[in-house]
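There are 2 protein chains.
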Amino acid sequence: MGTTKTEHFTNKQNQIAALAKALGHPARVAIIEYLLKVNACICGDIVNELPLAQPTVSQHLKELKNAGMIKGNIEGNAICYCIDEKMIDKLLNYFTNISTKLTKQKNNCC
Amino acid sequence: MGTTKTEHFTNKQNQIAALAKALGHPARVAIIEYLLKVNACICGDIVNELPLAQPTVSQHLKELKNAGMIKGNIEGNAICYCIDEKMIDKLLNYFTNISTKLTKQKNNCC
DNA sequence: TTTGTATATTGCAATATTATGATAAAGATT
DNA sequence: AATCTTTATCATAATATTGCAATATACAAA
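Order-wise, the sequence lines are chains A and B. Going by numbering that gives the first Met the number 0, the first residue of the first sequence is number 0, and it counts up by one from there. Going by numbering that gives the first Met the number 0, the first residue of the second sequence is number 0, and it counts up by one from there.
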């Protein structure tokens, strides 16, 4: 137990859940917002922006990268991170679809 | 340790993270999709739809409810759940905003 | 080549999550 | 009232996540 039973769900469900989970921590939301704010990818100062120790930030960056939310390029002794638009669009499409369906069927019960 | 340092992040960051976290498990994604599929709120058969034991489903429903993603009405000895459009729209707006900004600044680095 | 700087990894402690069996609660049915 | 059905809660086990100090890695600069 303690392990998610991913094998019982569809690929798409697991994929959406993985993306959502990646954003399921305020530090990772803050990282995305910072990358957005500074425009494109600025290297280096992500650690200074966050109220967390460097290894913790590094770990959050790793999780965002694993989920595909950010891309990273090595540039000298720094690493340049930026948002992967494709993943944001995947989420955007998903929620747009849900919202559209909800509006159509105006679920007027609860 | 083990505890998220929510106090160091903004309310909005925590809020988005909480919503994303609620969808950060395939069972909860499946629940949302099922509620959407059957249109409005059907009572009762959520448990039968999912490959998980009843207490597990109950717990996932509770988490979705805590996050505000679904609303629940008591109807006889069943409970009637349905999606809360407001929260979906909150996420939709959030990702629309990010996507718009990303497109504008065409982050052409990585 | 030593020193500095930036990021990653390791190891570990504290806490959270996932999952389920057993049981409770509450209305419905007979 | 006794029973059925449905959902919630409790207790517990297994695993995951969060966070950081210590350390490693890797390039830059002196």
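The C-beta atom is built at its ideal place from N, Cα and C for all residues, glycine as well.
- Against chain B, a Cβ distance below 7 Å from A/T95 picks out L91.
- Contact between the segment 88-96 of chain B and the segment 10-19 of chain B is present: 3 or more CB-CB pairs across the two stretches fall below 8 Å.
- By the neighbour-count criterion, in which a residue is buried when 16 or more other Cβ atoms sit within 10 angstroms of its Cβ, B/P50 is exposed.
- Looking at the DSSP output, A/K70 sits in a beta bridge with A/C81.
- The shortest CA-to-CA distance from B/F8 to any of A/R27, A/Q14, A/N72 and A/N10 is the one to A/R27.
- Listed by position along chain B, the residues whose Cβ is nearer than 7 Å to that of A/A19 are A19, L22 and G23.
- For A/K85, no Cβ of chain B is located within less than 8 Å of the residue's own Cβ.
- Comparing alpha-carbon positions, the option among B/N13, B/N10 and B/K64 lying closest to B/I30 turns out to be B/K64.
- If you look at A/T55, you'll find it in the alpha helix (DSSP H) that goes Q53 to N65.
- The alpha-carbon of B/I82 is positioned some 33 Å away from that of A/Q58.
- Listed along the chain, the chain B residues whose CB falls inside 9 Å of the CB of A/Q12 are P25, A26, V28, A29 and E32.
- Per DSSP, A/N10 is one residue of the alpha helix (DSSP H) stretching across N10 to A21.
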